[in-house]
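In what follows, a single structure is set out as structure tokens and then discussed.
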Amino acid sequence: MRMSYALNLQQTQKLIMTPELRQAITILQMGAMDLTDYIADEVMQNPLLESKEEPAEESAQNQDTPETLDWLEYFNDSSDTGYIPRWRDEDRSPFDYFVPRGPTLNEYLLDQLCLSVFTGREREIGEFLIGNIDENGYLRCTLDDVVIHLGYNMDEVTGVLNLIQSFDPVGVGARDLKECLLLQMEYLECNNAPARIIISDYLEDLAAGRYTRIANEIGCCVQDVQKAADLIRTLDPKPGRRFAGADETNYVIPDAVVERVCGEYVVIVNDSMLPRLTISPFYRRLLMNEAKDGETRKFLENRFNSALWLLKSIEQRRLTLYRVMESIVKIQREFFDYGTRHLKPMTLRQVADMIGVHESTVSRAVANKYAQTPHGVFSMRSFFNSGVASTGGGSISSKAIKKMIEEMIRGESTSNPLSDQKIAMMFAKRGISISRRTVTKYREELGISSSARRKRY
């Protein structure tokens, strides 16, 4: 067989992820706040994009009537001693009064240290120890490390540590959980001997609910162990957590709002916080008429196409989100009427078939997004869940089953709590086929302890 080289033309189809397609996919799966930041970055990079925000103050000023102006003049008049203007300085923002910055745990402890010590050596040791306290309030270095690093003796370091452990919040500066809880017991001046013994030696057994074993080993009745456990649960295992992340508050902004109007549900895509993007008229005119240089025209054309694609992607995201939420409302109508217990099983494929897209598009559309409903704000992905078959031929969503389990356990007898098998039998009486293992799985997902740990003696 003779071998030779030759050139052949062949026509094939390939799926290529262009940069524009990647951008559209990225924008689709962004939440409202992330999309706002993304648009701000694009406006900074693309000179042809302009964001127009219409402040409410301007629109209010344009709509002022003579009567409104008279009222404003009246309230600005300080001659009335019964009315004191709150802000006279126009340059100062009134929001500074409503959103104060709270101190961090480190700052809070340092303020107490400055009022408690009077020597430079104690202050240096205290600042070093406080600097090694983590956000939960625990000391993350040994006293030997402090002695080696600062060169002071152990008695001085121990004395300053004892002083810090007397600061607020109670239990701060502890080296482990046992010390933290014991410090809080001392502060409360609690003389519950079983509670102190349990904290010192039986914390693992307490977490596992082995009250009978603890009672036999420490020589008391189970009821005393139960009372000691109740007391220990009132203590704070992380005394510094109320200071941690004070400036990292995460707000949930719904991407879609579902409102009931005249017996029907209306879907509104919440894009009010997004800036209104437009093409700069100056650069558009420059591109159409005045751009003579080839490099300049090429640059402007690329930026112009990029801006148009961004606008198209944002509009496509809004339309897809609206259609997905509208389909969810149609399928989950009973949920919007009556609440969580009436959620139906629903899959991504069902919604994808209704709006004529791939289910991966639906998955991206509901990712990191929330919907405001008459029953509260819910994650859009929470509407998609599996189901459990019922004897009537239908199915019930897993979230509805969890809600029913939660209600059953809430109404149980504390002295004789419901086991997972009993709960499964109660579901069977209601015509819902569910196994004990499934009940256990759902109960653990709800964060509810087993019947042995819920039992009250």
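Each number in the working numbering comes from the position in the sequence shown (counting from 1) with 1033 added on. We treat Cβ as the ideally placed atom computed from N, Cα and C, and that holds for glycine. This structure is a prediction, so every number in the text was calculated from the model and none was measured.
Comparing alpha carbon positions, the residue from Y1220, G1480 and M1050 closest to K1436 is G1480. The beta-carbon distance between K1432 and T1380, rounded to whole angstroms, is 14 Å. This is too long to meet the 8 Å contact definition.
Excluding five sequence positions before and after L1210, the CB atoms of its chain that fall closer than 8 Å to its own CB belong to L1236 and P1270, given in chain order. In this structure the region 1306-1320 lies against the region 1335-1344, because at least three pairs of beta carbons, one per stretch, are closer than 8 Å. Looking at the backbone, the Cα of R1489 and that of Q1454 are separated by about 19 Å.
Per the C-alpha coordinates, the member of G1409, A1073, P1136 and M1441 positioned closest to P1287 is G1409. Residue environment: V1299 is assigned as exposed (fewer than 16 neighbouring CB atoms within 10 Å of its CB, all protein chains considered). About 6 Å separates the Cβ atoms of A1262 and L1239, confirming a contact at the 8 Å cut-off. For R1309, the uninterrupted beta strand (DSSP E) segment begins and ends at R1309 to I1312. According to the DSSP assignment, G1153 belongs to the alpha helix (DSSP H) that extends over G1153 to G1164. Restricting attention to T1267, E1328, T1406 and E1478, the CA atom closest to the CA of E1359 is found in T1406. Rounded to whole angstroms, the separation of the alpha carbons of E1478 and S1466 is 19 Å. No Cβ-Cβ contact shorter than 8 Å links M1413 with V1390. Per DSSP, the continuous alpha helix (DSSP H) segment holding A1340 begins and ends at G1327 to I1364. A direct Cα-to-Cα measurement between I1456 and I1438 gives close to 7 Å.
In the displayed model, M1379 falls within a strand according to three-state DSSP. A distance of 8 Å or more separates the beta carbons of S1430 and L1352. In the three-state DSSP reduction, Y1403 falls in the strand class (E or B). If you draw a straight line from the Cα of V1395 to the Cα of E1348, it is about 16 Å long. A contact is defined here as three or more CB-CB pairs under 8 Å, and the region 1158-1166 meets this definition with respect to the region 1183-1194.
For Y1298, DSSP records a beta bridge to R1293. Secondary structure note for G1192: its alpha helix (DSSP H) is the uninterrupted segment M1187 to I1197. Closest option to S1346, judged by alpha-carbon separation, among R1035, L1048, E1212 and Q1062: Q1062.
Beta-bridge partners assigned by DSSP to F1411: A1404. G1327 and R1055 have their alpha carbons spaced roughly 28 Å apart.
Annotation: Y1371 to S1448 spans about 33 Å, alpha carbon to alpha carbon. Only exposed fits C1295, as fewer than 16 other CB atoms lie within 10 angstroms of its CB.
Inter-residue distance for P1308 and G1064 is about 14 Å (C-alpha atoms, whole angstroms). Residue nearest to R1274 within the set L1333, D1070, V1255 and G1170 is G1170 (criterion: CA-CA distance).
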